[in-house]
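Chains as they are written, first to last, in my numbering: chain A, 5 to 331; chain B, 2 to 546; chain C, 393 to 680.
A quick write-up on the structure given underneath.
Right under this line is the structure:
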């Protein structure tokens, strides 16, 4: 895994230095003089040999130093950490929603295979996957915030609320922190702001989880050992919910990992649409403003987070599958 | 005679398909009494599996079942599904063909079996486990208490089969259906399982339907036999009657096809060649010297081959006998230069071919061909027959297209196929035909040696006999040598002059077929010979009642 | 045991599919319609999609402008029709390019195994370590925004998947006896790869690619939406929605119709992909 990490860092490096489109010119704006360019290159160390740059980059990266953002002027790493919990809250809740809705639906579709319920669920999920994330966000905003005025358009919490109800940032998760501080008004506001972004981010993954769960359940049902218990008179319900389900849950873990990754990528777009103060939104701002160090730094951190998740899942997988336990 | 535990009357099963209906079972009737073993014999597509599934109420939704099945007096056809489900695992139980996948890998053995028992009886987990432990003892499973706590992947195939049998016994079923329970097991293990079943049937007075394609096994353990073909029972009766005096054409064909030791009628001694003394240097065209192959694995080093040493004579058929894990496949792969030996040499017509580059191997490759076991895997599904059979000529000779085509046609005709098959694809042919195509491909180079790795193992019994006949005929005509790898001793008698017995990578016995079979020296050889179906035992069995 | 009744030919199965699977037909119809639109947009679009007319700006849908007009007075209906061309091109180019790069890599890695395999797989692992969308975004940022850069970025991010899928397939096919047979004949490895291994291992990749078609269109639209993909004057649905971001609350049609177009095309492509999968890999159909 360490090897992959280095690979990821290398890719990031390659992207930032080797490809055409000098970051210097982008940073200095319109028509810099030759002197200005030379000076900037000197500062950024861009006139050193490539290998040396790579070495510097790696040593910096290992220490978590990705340079300073061109917009905020702060170290990129700091910027990312400030916003990390906002994104985590969004992604985690979306994942939970996708699982809590998707898993039972998928199981029911498998159990009631080829009935109206199954067909309806399948049609729904094929359609849900086709909706562009940003379009869905805009639609929800249009309808719930615009027409009905029920839910807020964007942001994470009402600014008024922030002023009125101060609450200490313990975990960085507004839902938890407001509850801990006992500020129900702030809590309510946080919840209201979470509804639309979470719905937007989770829909496509929900649909995928439905399809995959259904598929894996059906496959599990066709295994030989299921035929055995059926031959010995075990009732269908027992087979579905005890044996088939258990066989499905373990490989589902891998899907959870993939979904988390998908959502990490999708959060970039959702945060942009809903003005959510997370890492994704920061990324888009950086992109639009050619803030190269920021873009590279965020890329690395998101990839890193994804790798960690997958590592965790691999470990869990090992622990749960008896066939892998004793080798 | 007591009341039958299972009575099937005029059973018909038809499957509705999108394009047409399939009549799997066309009016079958059987009766099974307690303490009786009925052998249900048939080849693939005969409907024997569907018949047994129907007795368990497990026919698929798309099948229409008519007729009557009385299980301990209760009608199954058209009955309520819940009622039938209750009967399964209680009155009737099943043993499957593949024990390795029959149990749930995520649960411990004791857990899942106890689960099943508790579906049918109001007992606690402890009571169920103790019942299972007793059954484990009955089936002679080593260390029963510990076995309950283990996972399925920790057992061998034979042990798993015993565990399933133990489950059936614990259920106190009156009818037991065993669907090819020994096909996936080693020859030596097979006998243990069939003996066990015979004993249990006698002790517990169950009725057993033993489904198989192997007539000799049936003759050993069954009381009565029913022969099925294309959904119908063509002949049914006591073993002595059906096997001693078969009335139906198909039954006679099946009986004649099963290779048995000592069957002088069907196993004429190989004609056309007197075996040469292989100790004379220079008489052999293929020489294997001290060949060894080792593999490093996680658990240490595996010795697949240990200093294997032998010679092959021109025009002879040498049989290489070994079970799974003996190293026979490794040996075949080494001879074909698909594997590099760890030490030792292989000489073809005096020249070494074991550690040489591709170009130098051309001469050897032109003279050594192979026919593999699996006719479904040995032909590229996306190539036409003409290309498949012609490939060796394309790769190893410089002949032009017309000549190649002619040679291909000759080769196909030699194996009983014809020119009209040239442009077709493998999926249009049956297993037996595909194997013929593979043989044609092996012949087209007119090689000196053809290596045949269990070429009939995957084929139906009636087809096997045809292929064996073809091989004998070809050898006589074309004067090519065979290295015939198999575990079936009766086949060895039918085909080979000389035999080498391979056990755990070593050749433990060698000689002419007569020498080795009449006076085996090694204990393993003796064991193999005793497990093989013998003609005289067969005659005894069918005349015993 | 005749095998004729066991295996239906591909054409027969396709016919069956069309007759019985209504969703597949829907997908087919949608795909064909969009293809038609993409090819004939220049002729069937009622107005010039680039024609700016400030007097007609931000008009609601009407008989003159079926989908209304945008902030520069351009006819949205015509723009949506032209956008089909961009999106279909995206799908085709990205998938084709990814296959072109990924297939040889997967083939070589799967057939040769050993160190070559390890090296190639480590490299693809690095690409696969990035969550979807992240890598295309980063690559496009480095190359500079633009439709073709975005397409290349997507293809570069996608090919590792195909390489992996083909590799697994090839590893299985490698063990087939017809491959061993040819090896025993001394056939050259490259010939074996092309004649035996490749034709029998492409099915899972084709299945995946046909299901991916819709997703690439979504990804490209997303990139355009955040300003990393198509740029004016290219007409692209994601870009159209992006430009309407500040005004869509009041003028809903500026975002709605392009978004609807994306949805329908991707939905149709997915249905088609599912159908192709059912056709080529019948055992898979239960996994759906």
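From the three backbone atoms N, C-alpha and C, an ideal C-beta is built for every residue, glycine too.
- Message: Can you find the residues in the same chain that come closer than 8 Å, C-beta to C-beta, to residue 115 (chain B), ignoring five residues on each side of it along the sequence?
- Response: 126, 129, 130 and 133
- Message: Measuring alpha carbon to alpha carbon, tell me which residue in C:539, C:426, C:412 and C:461 is nearest residue 442 (chain C).
- Response: C:461
- Query: When DSSP labels each residue in this structure, what does residue 238 (chain B) get in the three-state scheme?
  - Reply: In the structure shown, residue 238 (chain B) sits in a strand (DSSP, three-state: E or B).
- Message: Distance check for residue 257 (chain A) and residue 251 (chain B), CA to CA, integer angstroms please.
- Response: Those two C-alpha atoms are separated by around 54 Å.
- Select from the segment 351 to 376 of chain B all residues with a C-beta closer than 7 Å to any C-beta belonging to chain C, and list them in chain order. 359, 362, 363, 366, 371, 373 and 375
- Item | Beta-carbon neighbours of residue 121 (chain B), restricted to chain A and to distances below 7 Å | 237
- Query: Mind pulling the alpha helix (DSSP H) runs of 4 or more residues that sit fully within the segment 124 to 161 of chain B?
  - Reply: If only complete runs of 4 or more residues are kept, the segment 124 to 161 of chain B shows the alpha helix (DSSP H) at 126 to 139 and 145 to 150, in order along the chain.
- For residue 123 (chain B), count neighbouring C-beta atoms within 10 Å of its own C-beta (all shown protein chains included) and say buried if the count is 16 or more, exposed if not. exposed
- Check the Cβ-Cβ distances between residue 416 (chain C) and every residue of chain A, and say whether any is below 8 Å. no
- Item | Cβ shell of residue 105 (chain A) (< 6 Å), same chain only, five flanking positions each side left out | 210
- Would you say residue 204 (chain A) faces chain B, with C-beta separation under 8 Å as the test? no
- Message: Quick check: what's the CA-CA separation for residue 345 (chain B) versus residue 159 (chain B)?
- Response: 36 Å
- Item | Inter-stretch contact at 8 Å, needing at least 3 Cβ pairs: the segment 31 to 40 of chain B / the segment 57 to 76 of chain B | no
- Please classify residue 107 (chain B): does DSSP put it in a helix, a strand, or coil? coil
- Message: Considering just the uninterrupted stretch of the beta strand (DSSP E) at residue 348 (chain B), what are its terminal residues?
- Response: Looking at the DSSP string, the run of the beta strand (DSSP E) that includes residue 348 (chain B) is 344 to 349.
- Item | Alpha carbon of residue 514 (chain C) to alpha carbon of residue 18 (chain A), nearest angstrom | Distance between the alpha carbons of residue 514 (chain C) and residue 18 (chain A): 17 Å.
- Indicate whether at least one CB of chain E lies closer than 8 Å to the CB of residue 303 (chain A). Here the protein chains are A, B and C, and chain E is not one of them.
- Message: What ranges does the beta strand (DSSP E) occupy inside the segment 214 to 258 of chain B, keeping only unbroken runs of at least 3 residues that lie completely in it?
- Response: 225 to 230 and 233 to 239
- Just the chain C side, please: which residues come within less than 7 Å of residue 534 (chain B) by C-beta, in chain order? Residues of chain C with a Cβ closer than 7 Å to the Cβ of residue 534 (chain B) do not exist; the shortest Cβ-Cβ separation is about 25 Å.
- Message: To the nearest angstrom, how far is the alpha carbon of residue 161 (chain B) from that of residue 347 (chain B)?
- Response: 41 Å
- Message: With a threshold of 8 Å between beta-carbons, can residue 182 (chain B) be considered close to chain A, or not?
- Response: no
- Task: Provide the residue(s) that pair with residue 607 (chain C) in DSSP beta bridges, ordered along the chain.
- Result: Under DSSP, no beta-bridge partner is assigned to residue 607 (chain C).
- Query: Between residue 525 (chain C) and residue 303 (chain A), which are expected to be in contact by the criterion C-beta below 8 Å, what is the C-beta distance as a whole number of angstroms?
  - Reply: Going by Cβ atoms, the distance from residue 525 (chain C) to residue 303 (chain A) rounds to 11 Å, so no, they are not a contact pair.
- Item | Residue burial classification, residue 192 (chain B) (beta-carbon count within 10 angstroms, cutoff 16) | Buried, by the Cβ-count rule.
- Query: In this structure, does DSSP put residue 504 (chain B) in helix, strand or coil?
  - Reply: strand
- Query: Relative to the alpha-carbon of residue 500 (chain C), which residue among C:416, C:600, C:651 and C:583 has its alpha-carbon at the smallest distance?
  - Reply: C:583
- Item | Buried or exposed (CB count within 10 angstroms, at least 16 for buried), residue 544 (chain B) | exposed
- Would you mind stating whether residue 468 (chain B) and residue 457 (chain B) have Cβ atoms separated by less than 8 Å? For the pair residue 468 (chain B) and residue 457 (chain B), the CB atoms are nearer than the 8 Å cut-off.
- Whole angstroms is fine: what's the gap from residue 451 (chain C)'s alpha carbon to residue 155 (chain A)'s? 28 Å
- Which first and last residues belong to the beta strand (DSSP E) in which residue 504 (chain C) is found? Here residue 504 (chain C) belongs to no beta strand (DSSP E); instead the alpha helix (DSSP H) covers 468 to 504.
- Message: Counting only beta-carbon separations shorter than 8 Å, does residue 102 (chain B) have a partner in chain A?
- Response: yes
- Task: May I ask which residues mark the beginning and end of the alpha helix (DSSP H) holding residue 178 (chain B)?
- Result: Segment 176 to 180 is the beta strand (DSSP E) holding residue 178 (chain B); no alpha helix (DSSP H) there.
- Query: CB-CB under 7 Å to residue 279 (chain B), same chain, minus the five flanking residues each way: which ones, in chain order?
  - Reply: Low local confidence applies: a pLDDT of 49 at residue 279 (chain B) is under 50, so the model's placement there is unreliable, and no value is given.
- Quick one: measure Cβ to Cβ for residue 198 (chain B) and residue 321 (chain B), integer angstroms, because I've assumed they're closer than 8 Å. With 8 Å as the limit, residue 198 (chain B) and residue 321 (chain B) do not qualify as a contact, their Cβ atoms being about 32 Å apart.
- Message: At a threshold of 7 Å, does residue 160 (chain A) count as lining the ligand PLP (C-beta to nearest heavy atom)?
- Response: Within the structure as shown, the ligand PLP is missing, as the structure has no ligands at all.
- Message: For a test of the three-state rule: what should DSSP assign to residue 15 (chain B), helix, strand or coil?
- Response: strand
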